[in-house]
Amino acid sequence: MDKIPVAPSLDDLLNEGQQPGQERPVSRRVLFLGIQAVLNAVIIGFIAKLLVALISLITNLAFYGTFSFHESSPAHNTLGLWVLVVPVIGGLIVGVMAKLGSPAIRGHGIPEAMEQVLTNESRIKPIITLLKPLSAAISIGTGGPFGAEGPIISTGGAFGSFAGQIMRISPNERKVMLTAGATAGMSAIFGTPVAAVLLAIELLLFEFSPRSVIPVALACATGAAMHLLLFGTAPVFAMPDIQAPTYGALIWYTGMGAVIGVFSALISKSIYLIEDLFEHLPVHWMWWPAIGAIAIGVTGYFAPYTLGVGYNNISDLLTGSVPLQLVLGLCFLKFISWSVSLGSGTSGGTLAPLLTIGGATGLGLGMLVLYFFPQSGISLPTCALIGMAAMFAGAARALLTSIVFALETTMQSHGLLPLLGACTASYFVSFFMMKGSIMTEKIRRRGISTPDAYEPDMMRTMRVADGMSFTFLTVLPEDNISQVKKRVQAADGPQQPLVVEDSERRFAGIVGLHQLFQAPGEDNIASLVSPQATWVYPESSLDTAVQLMDRHGLEYLPVLQKDNRSRIVGLLTAAQVFAAYNKRRNAAEQHQQAISVKRQRNKLIVSSRKWLGK
Numbered sequence: 011m012d013k014i015p016v017a018p019s020l021d022d023l024l025n026e027g028q029q030p031g032q033e034r035p036v037s038r039r040v041l042f043l044g045i046q047a048v049l050n051a052v053i054i055g056f057i058a059k060l061l062v063a064l065i066s067l068i069t070n071l072a073f074y075g076t077f078s079f080h081e082s083s084p085a086h087n088t089l090g091l092w093v094l095v096v097p098v099i100g101g102l103i104v105g106v107m108a109k110l111g112s113p114a115i116r117g118h119g120i121p122e123a124m125e126q127v128l129t130n131e132s133r134i135k136p137i138i139t140l141l142k143p144l145s146a147a148i149s150i151g152t153g154g155p156f157g158a159e160g161p162i163i164s165t166g167g168a169f170g171s172f173a174g175q176i177m178r179i180s181p182n183e184r185k186v187m188l189t190a191g192a193t194a195g196m197s198a199i200f201g202t203p204v205a206a207v208l209l210a211i212e213l214l215l216f217e218f219s220p221r222s223v224i225p226v227a228l229a230c231a232t233g234a235a236m237h238l239l240l241f242g243t244a245p246v247f248a249m250p251d252i253q254a255p256t257y258g259a260l261i262w263y264t265g266m267g268a269v270i271g272v273f274s275a276l277i278s279k280s281i282y283l284i285e286d287l288f289e290h291l292p293v294h295w296m297w298w299p300a301i302g303a304i305a306i307g308v309t310g311y312f313a314p315y316t317l318g319v320g321y322n323n324i325s326d327l328l329t330g331s332v333p334l335q336l337v338l339g340l341c342f343l344k345f346i347s348w349s350v351s352l353g354s355g356t357s358g359g360t361l362a363p364l365l366t367i368g369g370a371t372g373l374g375l376g377m378l379v380l381y382f383f384p385q386s387g388i389s390l391p392t393c394a395l396i397g398m399a400a401m402f403a404g405a406a407r408a409l410l411t412s413i414v415f416a417l418e419t420t421m422q423s424h425g426l427l428p429l430l431g432a433c434t435a436s437y438f439v440s441f442f443m444m445k446g447s448i449m450t451e452k453i454r455r456r457g458i459s460t461p462d463a464y465e466p467d468m469m470r471t472m473r474v475a476d477g478m479s480f481t482f483l484t485v486l487p488e489d490n491i492s493q494v495k496k497r498v499q500a501a502d503g504p505q506q507p508l509v510v511e512d513s514e515r516r517f518a519g520i521v522g523l524h525q526l527f528q529a530p531g532e533d534n535i536a537s538l539v540s541p542q543a544t545w546v547y548p549e550s551s552l553d554t555a556v557q558l559m560d561r562h563g564l565e566y567l568p569v570l571q572k573d574n575r576s577r578i579v580g581l582l583t584a585a586q587v588f589a590a591y592n593k594r595r596n597a598a599e600q601h602q603q604a605i606s607v608k609r610q611r612n613k614l615i616v617s618s619r620k621w622l623g624k
């Protein structure tokens with residue numbers, strides 16, 4: 011019998027001609043994704059510039075009645091009581107856009123991107139690329155207390171997802187493209203490429219591997235280059251140089267971080283409490299942004315500096331010389347306008363408001379400490395710096411992102427130790443006060459869990475040989491089906507598919523038992539055999555085998571010799587994959603328990619020796 015032709019397996023395609031189980035982290039595929047991510051980042055950089063210009067245009071039209079792209083703040087408006095109406099009009103327009111266009115434009119930006127990564131194979135509707143920045147520009151331009159970073163992160167993610175959908179790439183690669191687009195947008199707005207990469211790892215990728223980090227890092231670097239080209243080279247939040255902290259000041263900064271951690275948890279919970287209250291309103295959600303905008307108008311009337319993006323407020327706080335009235339206003343009034351409007355489901359973000367509220371909280375705590383302990387050695391600008399970063403670390407659970415972001419936006423290297431202590435303390439406190447974060451609570455309530463730890467994939471470290479069966483029942487192509495049925499019924503041991511080999515022991519295919527017992531008895535086995543298009547090698551990773559079985563809907567895979575594909579050496583079934591995984595996991599747990607017992611025994615020995623010595 012001639013050897014049945016076999017098509018190239020997906021295992022070969024995944025490994026690109028390498029030895030199975032020894033996949034290179036950097037391949038032509040990663041290079042391809044990296045180039046595409048860079049091209050996307052260039053386009054997203056221009057979108058970021060367009061968004062900022064559009065916010066300025068709408069701000070000038072809404073508050074000053076002028077058609078101008080010149081950057082301006084609504085804080086200096088002279089509308090009087092009419093300032094109550096402008097945000098409501100903006101909220102009404104956003105509600106109509108969400109109703110007629112896509113409800114996906116509502117919300118923070120990052121949680122929506124996380125949800126698409128976790129539940130929808132990173133697919134975002136292309137229309138979001140247009141509607142999200144437009145709705146955000148209207149919301150912010152009419153006084154919404156949000157920053158441009160949330161909308162551009164969402165827009166960049168939508169653009170990356172759209173690019174991934176028109177390319178022939180896998181869902182995992184599309185996730186990389188979505189993340190690269192989202193973080194390129196953040197880097198283009200703030201010029202913070204390293205913080206953007208860390209944001210991807212902590213909030214979007216849920217993994218750390220070269221195949222994902224390389225394209226994202228290239229996109230973030232390109233986004234930062236676009237920032238330098240389109241926005242300038244100065245730090246986003248300029249502040250006076252701060253001195254290296256003393257050990258006593260570090261203790262104070264860390265304690266402030268813990269207090270801010272409490273505030274960050276309470277703020278996050280309040281956002282979703284307000285969302286729950288809006289859910290009970292007897293009107294359609296289309297009207298909610300207009301209702302929430304009333305809080306923007308009222309607070310904006312009494313405190314105009316709470317309107318709009320407010321990046322200048324952050325810079326003022328970082329000087330450490332703002333009056334107490336402004337500090338309290340940014341702590342409480344900014345929080346009220348932001349939380350109510352965001353809870354209403356309008357198009358907005360969280361980063362800039364958290365930075366503002368956190369900076370004001372840190373500065374307020376610093377003033378309080380200096381009043382009672384003037385010899386504490388703390389610096390008010392440093393207090394504002396750690397405040398804004400610690401608030402973000404506690405609320406978003408993005409520890410490394412918050413530290414590096416504060417460093418990159420201010421260029422203050424002496425702030426590293428205070429930031430590390432304060433942000434870690436805030437993260438620690440928030441971790442015990444909240445199950446989720448401001449980024450994950452919304453999707454957690456929908457039953458979607460997000461990874462909270464980055465552990466190595468055990469399946470990638472295991473080989474097919476660790477789980478496959480080396481014994482199997484073989485039949486000849488010319489065997490009669492009725493006779494084979496009798497052999498199977500008489501055989502002892504677990505029931506497995508039949509391996510078909512010719513007289514020279516050349517592998518011909520596999521026949522499932524269900525297929526066998528449904529076939530007419532007068533035919534021979536050859537009538538049931540079809541060309542085998544998918545297989546693995548003993549050296550292939552178990553993860554590769556699982557991908558093959560899932561993609562092709564297979565219950566089993568033949569395991570062929572690498573140097574002689576006509577020879578089968580084993581079978582791999584889904585049950586064997588589970589058994590191998592549980593065996594490795596149990597072994598790891600037992601090893602960990604053995605280490606723990608050994609440590610306890612050593613402690614007892616040391617203690618007993620000390621006791622006997624006394």
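Each residue of the sequence shown is one higher than the one before, counting from 11 in this note's numbering.
Backbone N, C-alpha and C fix where the C-beta goes; we use that ideal spot for every residue, glycine too.
{"query": "Within 9 Å, strictly: CB atoms of R184 and R133", "result": "yes"}
{"query": "CB contact flag (I162, M187, <9 Å)", "result": "no"}
{"query": "Any 3 or more C-beta pairs closer than 8 Å across the segment 251–267 and the segment 430–442", "result": "yes"}
{"query": "A190 versus I199, N50, G242, residue with shortest Cα-Cα distance", "result": "N50"}
{"query": "Residue from A584, R577, L570, T356 whose Cα sits closest to the Cα of V557", "result": "Note that residue 557 is Gln in the sequence shown, not Val. Comparing Cα positions, the closest option is A584."}
{"query": "For I53 and G563, the rounded distance between their alpha carbons", "result": "39 Å"}
{"query": "Alpha-carbon to alpha-carbon, S357 and S149", "result": "6 Å"}
{"query": "Distance between beta carbons of M401 and L373, contact taken as under 8 Å", "result": "So it is not a contact: roughly 12 Å between Cβ atoms."}
{"query": "Per-residue DSSP class, three states only, for N534", "result": "strand"}
{"query": "I448 (DSSP reduced to helix, strand or coil)", "result": "coil"}
{"query": "P548 versus S222, M443, V104, G477, residue with shortest Cα-Cα distance", "result": "G477"}
{"query": "C-beta neighbour in chain C for G174, strict 9 Å", "result": "This model lacks chain C altogether; it includes just one protein chain."}
{"query": "Contact under 9 Å by Cβ, A147 with L89", "result": "no"}
{"query": "Among L239, E217, T243, A206, the one whose alpha carbon lies nearest that of A227", "result": "A206"}
{"query": "Identified DSSP bridge partners for S479", "result": "L581"}
{"query": "7 Å CB neighbourhood of I304 in its chain, flanking five on each side removed", "result": "V98"}
{"query": "Minimum C-alpha distance to S78 - residue among G359, G580, V106, S66", "result": "S66"}
{"query": "Environment of V350 [buried if 16+ CB atoms lie within 10 Å]", "result": "buried"}
{"query": "Proximity of L338 and D326 at Cβ, strictly below 9 Å", "result": "no"}
{"query": "Backbone CA spacing between I68 and K142 [nearest angstrom]", "result": "15 Å"}
{"query": "Sheet register partners of R473 (DSSP bridge)", "result": "S551"}
{"query": "Complete alpha helix (DSSP H) runs within the segment 307–349 (minimum length 4 residues, chain order)", "result": "321–329, 334–338"}
{"query": "Spatial neighbours of K135 in its chain, beta-carbon cut-off 8 Å, leaving aside the 5 residues before and after", "result": "S112, A114, A168"}
{"query": "Reference Y591, options Y315, Q506, V474, closest by Cα", "result": "V474"}
{"query": "Residues bridged to V439 (per DSSP)", "result": "According to DSSP, which records beta bridges pairwise, V439 is partnered with nothing at all."}
{"query": "For A248, three-class secondary structure by DSSP", "result": "coil"}
{"query": "Option nearest H86 by Cα separation, candidates G359, F312, V498", "result": "F312"}
{"query": "For L567: DSSP bridge partner residues", "result": "L582"}
{"query": "According to DSSP, residues forming a beta bridge with I520", "result": "V509"}
{"query": "T76 vs F247 beta-carbon contact at 9 Å", "result": "no"}
{"query": "Distance between beta carbons of I324 and T366, contact taken as under 8 Å", "result": "6 Å"}
{"query": "Residues that N490 bridges to, as DSSP identifies them", "result": "N534"}
{"query": "Backbone CA spacing between S280 and A173 [nearest angstrom]", "result": "36 Å"}
{"query": "N534 versus F527: straight-line alpha-carbon distance, rounded", "result": "12 Å"}
{"query": "Classification of F382 by the beta-carbon crowding that lies within 10 angstroms, buried from 16 upward", "result": "exposed"}
{"query": "7 Å Cβ shell around T309 - same chain, five flanking residues per side excluded", "result": "T316, L343, I346, S347"}
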